[in-house]
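Worksheet: the structure to be examined is printed underneath.
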Amino acid sequence: MTTLPVAPANRKPQAAGRNPAVSDRASTLTGLLWISPWLLGFILFMALPIAMSLYYSLTDFPLLEPPLYIGFENYTGLLTDSVFHKALWNTALFCILFIPAASILSLLIAAALNQKLKGLWVYRTAVFIPSLVPIVAAAMIWLWLFNADQGLINIALRSIGIEGPNWLGDRNWALPALVLMSLWNIGQPVVIYLAALQGVPQSLFEAASIDGMGPLRRLVHVTMPMISPVILFNVIIMTINTLQVFAVPYIMTEGGPDRATYLFTHYLYDNAFVFRKMGYACAIAWVQFIVILTLTGVMFTASKKLVHYRVA
Amino acid sequence: MILTPAITRRAALTALSASAVGYALLGPRPERNRSDGRTVLDYWEKWTGHEGQAMLRVVNDFNNSQSRIWVRYFSMGGIDQKAMIAIAGGNPPDIIGMGNFSIPAYAECNALEPLDELASDAGIKRENYASAVWPMLTHRGRLWGIVNTSGSLALFYNKTRFKQAGLDPERPPRTIDELDEYSERLTKEDAPDLKQVGFLHMEPDWWTWHWGYYFGGSLYDEASNRALADSDATIRAYRWVQTYPERLGVDRVLRFQSGFGYYGTPENPFLAGKVAMTNQGPWLANMIKQYRPDMDYGVAPFPVEASIYDPSAPVGLLDSDVLVIPRGAKHPRESMEFIAYTQRPEVVEYLSAVHCKNSPLARTSGGFIRDHPNRYVSVHAAIADSPRAFVFPRTRTWEQYVAEFNAAMARMWTLREPADNALASVQRAAQAELDQVADRRARRAKAAGGAT
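Going down the list, the sequences are from chains A and B. Numbering follows the numbering used here, in which position 167 of the first sequence is assigned residue number 157; successive positions increment by one, without gaps. Numbering follows the numbering used here, in which position 135 of the second sequence is assigned residue number 279; successive positions increment by one, without gaps.
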């Protein structure tokens, strides 16, 4: 038997003639008051620094001296900075290699994990565990896996007659090596895809089977449209994260050899904390923000035709 | 529908106010007050391991030697970034131990306390130090740091490998040509790969920029604010560097290098016998003592181009750690008192001995060289005293300069670009940075209405 909760006896009854707008305002103020610690923290540690970084991007600011206003010189400097162009190109290449591969691989793994198999929990755990390993520890292990002489990858390749490259020492292979290493860590998108696949109504598959659709057509015309919002989400999140990748190349290759793995965020970090050009680093950060925002906007626009949202 | 008790504004305000008051009264605060009334100084230092322990002992000895000042020693990584942020944030420690190459940048930004007066009052004078030391501590005519320890680079060579190759272990190479000849004889193959090499410029790859000095070149002229990366001597030097991968094969060299262990481990390629000769500082002797105490090795000044060979004036990089007082430090006089304590000859010699380094002082006690744990310390000392010892170029754009050199060296070492072109691109980039810094300095001065 369901018992309806009763309002406490000491609750003040709403006074007759009381203005509901005033009551709403009071309620809003109370809510703001409760979230004020978070709000204060957000303003002090996020909003204000972001606004300050926009100002600093218009200055020469070595951090140890006060900022000197120089207008848009930092931004015009980026146009002729060959190192910045190199970092931008490397980052774009990294995204082009990583995002499609990670999306397809994580979807395939999620589909495989969506089967009724014995010991499925073992496979699911194994797929997700890399996400829990600290990135520095993982990078150190992969440094030795990729070793040209004694690394396990080249030893395995040698055993089947293939001479592996000098993965991290060869400028043609260093970036693909980092992409390979990053593909090891796709546990999170797999889990999200798995949840999406499990949310596709069985009735749709049954109806499709009745209509004579084979497995491939069911995949293309039922599964993919049904999980398309999740694909969009994962691709957007991957794009945002990949454009900001820092730890892996910083630890494994320090941007080398010959800046072959020198990425956007690493260049930003070097300008800010090594070269003491915080103003220039802020300009780079804002360019990065605009690039990410633009790409996200493009993806959302493109999604209108490609993503199907279920009607409740 | 679930109803919750109304949360009033009064309750919200009370809870938040109580939290704020509680934090203010009971929250974390720095422990800079001592019950004995001593002035507390915070000293940040990058040393760890036995080097850190030695410095900690010096700090403890100082604390026990008087009753007015108490120094707290903090060992940390990433000290450059942390120091910069602390100074910029207006809450720096009292003393920072940094590399001498940081002095120009910090000095030009007025991020350090000038030490001329403080040092003079403490009896610290230029004459106390080896000739190459004082220029490392000064910038634009003022004193900004005091040397902590220093060490010069020299050629370490494996005498056992020399004997195996039929070379005289007591006759290390003196010129570049001899180095090439020795290196060739010391190189062994395990076809198609390399098994052992005589010498590799990229082992270690810490100083990709300094080869020009062994050909009589330099990288920066402070008077004219000109980078000199594409000078004739430097180009000759890097053409010579490229002869090694040309002779040995780029792929073979890279594959060989990829199997090297890290510097601070027994798999260090020199300790492991994979590289018979290496250019390193006196600290390598500590590593040898720890991991290969039975190693039969020798140390000599690094070879130079034959035309500039002069045994009485060896060429070598003098590197040093310095102690600085950051701008905003609350107790500069007390900080200088501690720094002056570290400059006592017995303290300098103790620290230098533990670090296996030569002393930065002009004069050492009779027992320093005799009892030194590094049996080749006299070689490093002779280099430090040499008129041809060189230091890091005194420019605040040094980090950018090195970054360009590292990238160029990667191209030269893999023979993707000839030395002339690679160094020309370093020259362009370095000079552009120097010019930009000069321009911004002038604009700051104009904005401040004062002289540069």
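Quick reminder that beta carbons are idealized off the backbone N, C-alpha and C, glycines included. Being a predicted model, the structure only gives us computed values, none of them experimental.
Asked	Found
TRP79 of chain A - containing beta strand (DSSP E), residue span	No beta strand (DSSP E) contains TRP79 of chain A, which is instead part of the alpha helix (DSSP H) from 72 to 103.
Closest Cα partner of ASP160 of chain A within the set B:ALA589, B:LEU559, B:ASN565 and B:GLN571	B:LEU559
Length of the line joining the Cα atoms of TRP454 of chain B and GLN571 of chain B	Reading the sequence as shown, one finds Asp at residue 454 of chain B and not Trp. Near 29 Å, if we compare the C-alpha coordinates of GLN571 of chain B and ASP454 of chain B.
Best match in B:HIS194, B:GLU490, B:ARG532 and B:SER530 for proximity to ILE513 of chain B [C-alpha to C-alpha]	B:GLU490
Beta-carbon proximity of ILE379 of chain B to LEU54 of chain A, cut-off 8 Å	no
Exposed unless 16 or more other CB atoms sit within 10 angstroms - verdict on THR600 of chain B	With chain B running from 145 to 596 in the structure shown, residue 600 of chain B is simply not present.
Reference SER451 of chain B, options B:VAL581, B:LEU160, B:GLU322 and B:GLY233, closest by Cα	B:GLU322
Span separating the alpha-carbon of ILE200 of chain A from that of LEU194 of chain A	10 Å
Reduced DSSP category for VAL385 of chain B - H, G, I as helix; E, B as strand; rest coil	helix
Helix, strand or coil at HIS283 of chain B [DSSP, three-state]	strand
Beta carbon proximity, ARG588 of chain B to chain A, threshold 8 Å	yes
Same chain, Cβ closer than 8 Å to THR115 of chain A, five either side skipped, listed in chain order	none
Three-state class that DSSP yields for VAL303 of chain A in the structure shown	In the structure as shown, chain A begins at -9 and stops at 302. Residue 303 of chain A is therefore absent and cannot be evaluated.
Supposed close pair MET268 of chain A, PHE35 of chain A - CB separation, criterion 8 Å	Not quite, the Cβ-Cβ distance comes to about 17 Å (not below 8 Å), so this is no contact.
7 Å Cβ cut-off: residues of chain B touching GLY246 of chain A	ALA554
Of the residues B:GLU493, B:ILE240 and B:ASP265, the one placed nearest ALA121 of chain B, counting alpha carbons only	Given that chain B is displayed from residue 145 to residue 596, the structure contains no residue 121 of chain B and the question cannot be resolved.
CB contact flag (LEU209 of chain A, PHE84 of chain A, <8 Å)	no
DSSP three-state assignment for ILE146 of chain B, whether helix, strand or coil	Caution is warranted here: a pLDDT of 49 is assigned to ILE146 of chain B, below 50, making its placement in the model unreliable, and no coordinate value can be reported.
Sub-8 Å separation of ARG471 of chain B and LEU170 of chain B beta-carbons	no
Pairwise C-alpha distance: TRP24 of chain A and LEU157 of chain B	8 Å
Within-8 Å CB hit, ASP365 of chain B to chain A	no
Whole-Å CB distance - TRP351 of chain B paired with VAL385 of chain B, under 8 Å assumed	Wrong, their Cβ atoms sit about 12 Å apart, outside the cutoff.
Sheet register partners of ARG370 of chain B (DSSP bridge)	B:ASP365
Residue-level contact to chain A via CB, ASN254 of chain B, 8 Å cutoff	yes
Range covered by the beta strand (DSSP E) that runs through SER296 of chain B	290 to 296
Beta-carbon proximity of MET171 of chain A to VAL225 of chain A, cut-off 8 Å	no
C-beta contact flag for TYR187 of chain B and ASP224 of chain B at 8 Å	no
C-beta neighbour in chain B for PHE265 of chain A, strict 8 Å	yes
Under 9 Å from the C-beta of GLY403 of chain B: neighbouring residues of chain A	ASN137, ALA138, ASP139 and GLN140
Proximity below 8 Å, CB of ALA128 of chain A to CB of SER402 of chain B	no
Residue-level contact to chain A via CB, TYR250 of chain B, 8 Å cutoff	yes
CB-CB length for ASN244 of chain B against SER464 of chain B, believed under 8 Å	5 Å
Proximity to MET42 of chain A [Cα-Cα], best of A:ILE221, A:VAL190 and A:ALA271	A:ALA271
DSSP beta-bridge partners of ILE239 of chain B	B:TYR187
Closer than 8 Å to chain A by CB, ARG284 of chain B	no
LEU122 of chain A (DSSP reduced to helix, strand or coil)	helix
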